[in-house]
Every structure is written in C-alpha cells, then in structure tokens.
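Taking it in order: structure first as structure tokens, then the write-up.
2 protein chains.
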Amino acid sequence: MKYSIVLSTQPAQFQAATFKGDLQANLHRIASLGYEGVELAIRDPKQIDYEALEEQVRSCGLAVPAIGTGQAWGEEGLSFTDPDEAIRQKAIERILSHMEGASRFGAVIIIGLIRGIVKPGVAPQQAMSWLVEALRECSRAAEARNLRLALEPINRYETSLINTAAEGLELIEEVGADNFGLLLDTFHMNIEEVDIEASIRACGKHIFHFHVADSNRWYPGAGHLDFGSILRTLEGSGYTGWVSGEFLPKPDAATAAYAGIAHLRTKESVVSEGPEVSEVPEGPKVPKAPNTD
Amino acid sequence: MKYSIVLSTQPAQFQAATFKGDLQANLHRIASLGYEGVELAIRDPKQIDYEALEEQVRSCGLAVPAIGTGQAWGEEGLSFTDPDEAIRQKAIERILSHMEGASRFGAVIIIGLIRGIVKPGVAPQQAMSWLVEALRECSRAAEARNLRLALEPINRYETSLINTAAEGLELIEEVGADNFGLLLDTFHMNIEEVDIEASIRACGKHIFHFHVADSNRWYPGAGHLDFGSILRTLEGSGYTGWVSGEFLPKPDAATAAYAGIAHLRTKESVVSEGPEVSEVPEGPKVPKAPNTD
Chain A
573 MKYSIVLSTQ PAQFQAATFK GDLQANLHRI ASLGYEGVEL AIRDPKQIDY EALEEQVRSC
633 GLAVPAIGTG QAWGEEGLSF TDPDEAIRQK AIERILSHME GASRFGAVII IGLIRGIVKP
693 GVAPQQAMSW LVEALRECSR AAEARNLRLA LEPINRYETS LINTAAEGLE LIEEVGADNF
753 GLLLDTFHMN IEEVDIEASI RACGKHIFHF HVADSNRWYP GAGHLDFGSI LRTLEGSGYT
813 GWVSGEFLPK PDAATAAYAG IAHLRTKESV VSEGPEVSEV PEGPKVPKAP NTD
Chain B
573 MKYSIVLSTQ PAQFQAATFK GDLQANLHRI ASLGYEGVEL AIRDPKQIDY EALEEQVRSC
633 GLAVPAIGTG QAWGEEGLSF TDPDEAIRQK AIERILSHME GASRFGAVII IGLIRGIVKP
693 GVAPQQAMSW LVEALRECSR AAEARNLRLA LEPINRYETS LINTAAEGLE LIEEVGADNF
753 GLLLDTFHMN IEEVDIEASI RACGKHIFHF HVADSNRWYP GAGHLDFGSI LRTLEGSGYT
813 GWVSGEFLPK PDAATAAYAG IAHLRTKESV VSEGPEVSEV PEGPKVPKAP NTD
C-alpha cells in the first residue's frame, strides 16, 4: 500500500488534520516517518504559491495524491447546497479554482464538507438537486483536465447529506460522470456502515481515495477497527490508490503519524522500512476501575 | 438477561427514543414483543400522573428499571453546567423532582444530556466543578431515598463532558458517592472506547444500567457490533441489571423492537419466548454497486 497523510497548508480549525503549522518542517517529518505522499488541505488556492509548494513537496520526495477542500466550508461557510445562490456559485468556483493545483500534482479533488448540509427551510430534495447540479458542473470541468473528484460519505453528526456508501453510490448514478467517485473514510464507516468490508467491496472501482483513522479518530491501532481485514478487502476490491491518514494529532502529530503507519504496515504484513519501534506510543486512555470500596 | 426498551411518555425531539406517542398502546406492544421492562423518558415529572402511569405499566406486567431525564436538556435547555446559576439550579431541582417517580418504580435515574456541555466562555475545569457539585447534591438526596443515579458517557458529537468510560470512572472517584455509577451505551462506546469489552470489565460494579443500540444506532443486529461478546462480558463482570434498548425507530418502532430482542436472545443463546420469527425485518441499506460501465 502507498501511504499518505493529511497536512493543512494553513492554520485551520478542523481537528482531524494531523499536521498543521510550519509547512517545510512538517513535510520533512512526514517523509522521514515513511509516508510517500501528503494529502494537502487547502482552503483557498488563491493564497497558495503552487510553484514554491511543488518544490517543497518534491524536495522531500513526496507525492500529492489528493487535495482536501473542506476548510472553505469550515472557515467560510461555502457549500453546494446553501439556499443563497451566490454562495453555491462561490463554492463551485472554489472547486474549479483547485483544478490547476490538482493538475500539477495529479491529485484527486475531495468533495467533503463543502457539499454542505440540508439547511433549515430547505427541502432535502432541493438540496440533493443543487448537489447533483454542482457535481455535474465540477465533474465536466475536471474531465476536460483529466482530473477526478471524490465525494466522502461523512457521518450523520457532521452532515445530513450523504452519510453512507450506499447513498454515495446512488449519487454516482445520478451524477453520471466516470470521473466522479467516492472517498471512503474508516472513522465515518464505523458509525454509518452496516458492514465495513461489504461496503468497500460494493464500492469497488468507484473508490477514488481512502482515509484511515481508528474508531475513535485516533491513529490506526488506537481503537477497535480491524485494519488487517480492511486493507485486505480494499486490495481485493482492486483498489490501487492511496491510503491516507486523516486522524487526530493525539497524543501529538508525530507520534500519531508514526504509530499509525507502523500499525498499518504490520497489518498488511509488509516489513517496515520506517524507523525502528523504540517505544510504544501513549494511546488513548483505557479505563481502570476506581477504588470506591 | 432482562430486557427493557426506551419509551417517551410525551412527544419529544430525541430521535433514539424507540417508542413515542400513544402510551397505553405502546406499553402493550412492548410487553407483547417479549420485553419485561420499559425505560421511561420523562421531561418533567410535574406533568405526569404517576398513579395512572404505574397502573398502566403494571397492567402490562412491565417493570421500570430506569428513568431518562435528557428531554429537559433537549426541549428546555436545563443543565448542570450552564453559566447561568438559575438554570443550573433548575436542572438540579428537575432531577430531585424525578425521585418520587423513581422510588415508586425502583428505577435508576439517568444523568444523560442534562449534565450539559462546556458552553462558550466557560472554562472546562469550571464546568467539571459545577458538574461534580450538582452530582454530589443529587446523590445525597437519592441516597436518602435509597435510589441510584447513573451517568451516561456520551459521544463527542453530543457533549464535551464525559465521553468515555475512563472519564466516567474518574468522575465517580471525584463525586465519591456509592449510589452514583455509570450507564454504558454500546452506540456511544463504539465511537469512544478503545476496546468495548475492556471498558465493560473496567467499569464492573459501577455499571448501574446498560443501553444497547448497534453501531449505526439501529436495533442490535443491524450494524457490526458483536453483541454475543458484549453480553458475555457484561454478565462476566457481575452485572445483574437490565439491558435496555435505546435505538432509532427504523424501519419502524415495532420492527426495530422485535428484531433487536430477537438478535440479543440469539446471541445469549437463550431460547426466545417471544413471537416466532416470521420474516426477516428490513434492515438499513447495504450498498450495491451501480452499473456505470
């Protein structure tokens, strides 16, 4: 498997971007931990010097398999399904503005939270129709540049639009573009899917990108998901893309990134070429009973 | 195991109360499905005629193992941790007002969402200190009536106060009352616990009540939790209380209630005395790949 990890190119509120802050230092760190790629979370491409960014990324020997776009929702409220047409239009333009950067890196463009939610006063069918319209427009523009878009089913607490793989597959039929597919994320799947492996198999060739985090959104190995089974199923479904870490920077970003890739490599039974395990990282708290006798 | 299920005594927004609406009809239905108890969700005891309620419940042969109190948060915004002292006081009084009803039924009083969240502008330590203070006051009052309180760790999306069993156990030490314990809920545990079974074992005698819902909050059997292992662990930890269904009324309340208890009974390998399985209920959607060739 080829592993990448999410890096935010600018300060952001989103908690599950593992790395934030000093770009160059973080790129070096990511490469030194054994990752071959970095998934860039970019709020606004206008603020990015892609020439310099590409040089920094390449100098660390990293690929950029995907570009995350959700900060435009989190920080600016842009979405495909806002009742305000101007905001919907701005969201579409924002996605179109990512295409130059995506072309440069050969990256998939992620449609995460920028799809929006069903806002109060909006009929669900209306929101879905705006969503399909926006995705068709973006997919057409992406096709002209030979790019792909991947929509991420996200758990019910973060959006009311497309929570499950089944809903994602229905949306693919509706949009009807070969370059529009899905990004599956194990943290969201743990909450939403009846059977994680069955959903991976059902999505098959429609999986354009894959996120890993454990059941508690910590690094793989810190929760109760069976990544051996998940990676085998993913491989068995014909997926040849990247497995990208999007998890909380806990206990800190470097420890999480290191422990995550170490766990995944053990699970796929490939000898690690990363640094040797010197000590077991401090995982999330496992309860001990208090003495109240 | 003794099984109960959540019933809202009045119309409510909370989506995971399986039964809402006509009380008498629902009590009959619950009993006919093989449940021996009903967990009553009550917003305000002042609006309840307990004499009549007890008669209705007893006439169906049902016990009331627990009383849920979270609607006072959902519908009225009462909480132990609101920055407004008057609201905190009202929340405490609301819990005290549940004690007469709880005594009547010998029910555990549940402290769910009424504990509140860390509100903007409030320091987490301050919120915790209000919480501990309120729980001590309520536990003292409960002790005088020989009643027990059970706090439910709830996942991060619904509250920022006490998400995990470990945090619950720390709180127990802090509160320091023998009649204050925990309510564990499998839906929340699937998101928050590193290892569900290990957390059940660690909580042991501090488990005063237990909620079941599958990983997707549908009835047990509709998701990917291993209820055989969960029930065995719960029994092995010495728990002799109730297993109470708190899940979404999907595809409808009666089907969910029926399918849930049938699944749990199969898993604990006890011969069902409930109605025979005539047909497999319609579960949540498992994806089928669209044909986009």
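Chains as they are written, first to last, in my numbering: chain A, 573 to 865; chain B, 573 to 865. All C-beta atoms in this analysis are idealised placements derived from N, C-alpha and C, irrespective of residue type, glycine included. Only a predicted model underlies this, so the values are computations on that prediction, with no experimental measurement involved.
Amino acids of chain B, ordered along the chain, whose beta-carbon sits closer than 9 Å to that of Thr736 (chain A): Translated into the one-based positions of the first sequence, residue 736 (chain A) becomes position 164. Residues of chain B passing the Cβ test: Asn788, Pro856, Lys857, Pro859.
Cβ-based neighbour list, Ser787 (chain A), same chain, cut-off 6 Å, excluding 5 preceding and 5 following: Start at 1 with the first residue of the first sequence, and residue 787 (chain A) comes out as number 215. Asn762, Gly795, His796, Leu797.
Closer than 9 Å to chain B by CB, Cys775 (chain A): Here the question's residue 775 (chain A) lines up with position 203 in the first sequence. By this cut-off, Cys775 (chain A) is an interface position.
Within-9 Å CB hit, Ala828 (chain B) to chain A: For this step, residue 828 (chain B) is matched to residue 256 along the second sequence. Interface residue (Cβ-Cβ distance to chain A less than 9 Å): Ala828 (chain B) is not classified as such.
Interface flag, Ser703 (chain A) vs chain B, CB-CB below 9 Å: As a working mapping, residue 703 (chain A) is identified with position 131 in the first sequence. Note that residue 703 (chain A) is Leu in the sequence shown here, rather than Ser. Not an interface residue.
The segment 796-815 of chain A: positions lying closer than 9 Å to chain B by Cβ: Answer set for the segment 796-815 of chain A: His796.
Beta-carbon neighbours of Tyr729 (chain B), restricted to chain A and to distances below 9 Å: Against the second sequence, residue 729 (chain B) aligns to sequence position 157. Chain A residues near Tyr729 (chain B): Asn727, Arg728, Tyr729, Glu730.
is_contact[Val843 (chain A), chain B] using C-beta, thresh 9 Å: Stepping through the first sequence from its first residue, residue 843 (chain A) is reached at position 271. A caution first: Val843 (chain A) carries a pLDDT of 41, below 50, which makes its placement in the model unreliable, though a value can still be read off. Not one chain B Cβ lies under 9 Å of Val843 (chain A).
Any chain B beta carbon closer than 9 Å to Arg660 (chain A): Here residue 660 (chain A) is taken as the residue at index 88 of the first sequence, counted from 1. False, the Cβ-Cβ gap to chain B never drops below 9 Å.
Coarse secondary structure for Tyr575 (chain B), derived from DSSP in three states: For the purposes of this step, residue 575 (chain B) is identified with residue 3 of the second sequence, where counting begins at 1. In this structure, Tyr575 (chain B) counts as strand in the three-state DSSP scheme.
Residues bridged to Leu638 (chain A) (per DSSP): Reading the first sequence from its first residue, position 66 is the one you call residue 638 (chain A). Here residue 638 (chain A) is Ala; the residue named in the question, Leu, does not match the sequence. Answer is A:Val680.
Segment limits, beta strand (DSSP E) that includes Phe782 (chain B): As a working mapping, residue 782 (chain B) is identified with position 210 in the second sequence. Where Phe782 (chain B) is concerned, the enclosing beta strand (DSSP E) stretches over 779-784.
Neighbourhood of Glu739 (chain A) by C-beta, 7 Å cutoff - its chain only, sequence neighbours within 5 removed: Within the first sequence, the letter at position 167 stands for residue 739 (chain A). Closer than 7 Å at Cβ, skipping near neighbours: Pro725.
Neighbour list for Asn751 (chain A) in chain B, Cβ cutoff strictly below 7 Å: For the purposes of this step, residue 751 (chain A) is taken as the residue at position 179 of the first sequence. The contacting residues do not exist; Asn751 (chain A) stays about 11 Å from chain B at best.
Chain-order list of residues whose beta-carbon lies under 7 Å from that of Glu709 (chain A) (same chain, five-residue window excluded): The count along the first sequence starts at 1 and reaches residue 709 (chain A) at position 137. Closer than 7 Å at Cβ, skipping near neighbours: Ile664.
Phe591 (chain A) Cβ short of 8 Å to the ligand FAD heavy atom set: The ligand content of the structure shown is nil, which means the ligand FAD is not present either.
Nearest-angstrom Cβ-Cβ length linking Val815 (chain A) and Met573 (chain A), presumed shorter than 8 Å: Residue 815 (chain A) sits at position 243 when you count from the first residue of the first sequence. Residue 573 (chain A) sits at position 1 when you count from the first residue of the first sequence. Right, the Cβ-Cβ distance comes to about 5 Å (below 8 Å), so this counts as a contact.
Endpoints, the beta strand (DSSP E) within which Gly817 (chain A) is located: The residue labelled residue 817 (chain A) in the question sits at position 245 within the first sequence. Gly817 (chain A) -> beta strand (DSSP E) spans 814-817.
Helix, strand or coil at Ala603 (chain A) according to DSSP, with G and I counted as helix: Start at 1 with the first residue of the first sequence, and residue 603 (chain A) comes out as number 31. Of the three classes helix, strand and coil, the one that applies to Ala603 (chain A) here is helix, per DSSP.
Minimum Cβ-Cβ distance from Ile763 (chain A) to chain B less than 9 Å: Along the first sequence, read from residue 1 onward, the residue named residue 763 (chain A) stands at position 191. Taking Cβ atoms only, chain B reaches closer than 9 Å to Ile763 (chain A), which makes this a yes.
Bridge-paired residues (DSSP) for Ser580 (chain B): Taking the first residue of the second sequence as position 1, residue 580 (chain B) is located at position 8. As a beta-bridge residue in DSSP terms, Ser580 (chain B) pairs with B:Ala613.
Option nearest Ile768 (chain B) by Cα separation, candidates B:Arg789, B:Thr805, B:Ile779, B:Leu754: Residue numbering aside, residue 768 (chain B) sits at position 196 when the second sequence is read from its first letter. Per the C-alpha coordinates, the member of B:Arg789, B:Thr805, B:Ile779, B:Leu754 positioned closest to Ile768 (chain B) is B:Thr805.
Closer than 9 Å to chain A by CB, Leu719 (chain B): One-based indexing of the second sequence puts residue 719 (chain B) at position 147. Cβ-Cβ to chain A under 9 Å: no for Leu719 (chain B).
Distance between Arg789 (chain A) and Ile744 (chain A) (C-alpha atoms, nearest Å): In the first sequence, counting from the first residue as 1, residue 744 (chain A) sits at position 172. In the first sequence, counting from the first residue as 1, residue 789 (chain A) sits at position 217. Their Cα atoms are separated by approximately 27 Å.
Buried or exposed by the 16-neighbour rule on C-beta atoms within 10 Å, applied to Asn718 (chain B): Taking the first residue of the second sequence as position 1, residue 718 (chain B) is located at position 146. Exposed: under 16 other Cβ atoms inside 10 Å.
Cα-Cα separation, Val842 (chain A) to Leu579 (chain A): Indexing the first sequence from 1 puts residue 842 (chain A) at position 270. Indexing the first sequence from 1 puts residue 579 (chain A) at position 7. Residue placement at Val842 (chain A) is poorly supported in this model, since its pLDDT is 46, which falls under 50; the coordinates still yield a value, given next. Cα to Cα, Val842 (chain A) sits roughly 25 Å from Leu579 (chain A).
Coil, strand or helix - Leu721 (chain A) by DSSP: Taking the first residue of the first sequence as position 1, residue 721 (chain A) is located at position 149. Look at Leu721 (chain A) here: in three-state DSSP terms it is strand.
Rounded C-alpha distance that separates Phe885 (chain B) from Gln698 (chain A): Within the shown structure, residues of chain B are numbered from 573 to 865, placing residue 885 (chain B) beyond reach of any answer.
Within chain B, partners of Leu685 (chain A) - CB distance below 9 Å: Residue 685 (chain A) sits at position 113 when you count from the first residue of the first sequence. Per Cβ cutoff of 9 Å: no residues; Leu685 (chain A) is ~14 Å from chain B at best.
Beta-carbon separation (whole angstroms), Leu755 (chain B) vs Leu723 (chain B), contact threshold 8 Å: Residue numbering aside, residue 755 (chain B) sits at position 183 when the second sequence is read from its first letter. Residue numbering aside, residue 723 (chain B) sits at position 151 when the second sequence is read from its first letter. With 8 Å as the limit, Leu755 (chain B) and Leu723 (chain B) qualify as a contact, their Cβ atoms being about 7 Å apart.
Helix, strand or coil at Leu685 (chain A) according to DSSP, with G and I counted as helix: By 1-based counting over the first sequence, the position of residue 685 (chain A) is 113. Leu685 (chain A) sits in a helix when the DSSP states are folded into three classes.
Beta strand (DSSP E) runs wholly inside the segment 746-804 of chain B, at least 3 long, in chain order: Complete beta strand (DSSP E) runs here, min 3: 752-757, 779-784.
Bridge partners - Phe591 (chain B), DSSP secondary structure assignment: Residue numbering aside, residue 591 (chain B) sits at position 19 when the second sequence is read from its first letter. In DSSP, Phe591 (chain B) forms a bridge with B:Leu579.
Three-state secondary structure assigned by DSSP to Ser675 (chain B): The sequence position of residue 675 (chain B) within the second sequence is 103, counting from 1. Helix.
Spatial neighbours of Ile639 (chain B) in its chain, beta-carbon cut-off 7 Å, leaving aside the 5 residues before and after: Taking the first residue of the second sequence as 1, we reach residue 639 (chain B) at position 67. If we look at Ile639 (chain B) and ignore the five residues flanking it on each side, its Cβ neighbours are Leu612, Ile614, His670, Gly673, Ala674, Ala679, Ile681, Ile682.
Residue span of the alpha helix (DSSP H) that contains Val827 (chain B), given as start and end: As a working note, residue 827 (chain B) is residue 255 in the second sequence. Here residue 827 (chain B) turns out to be Thr, not Val, going by the sequence shown. Note, Thr827 (chain B): alpha helix (DSSP H), 825-839.
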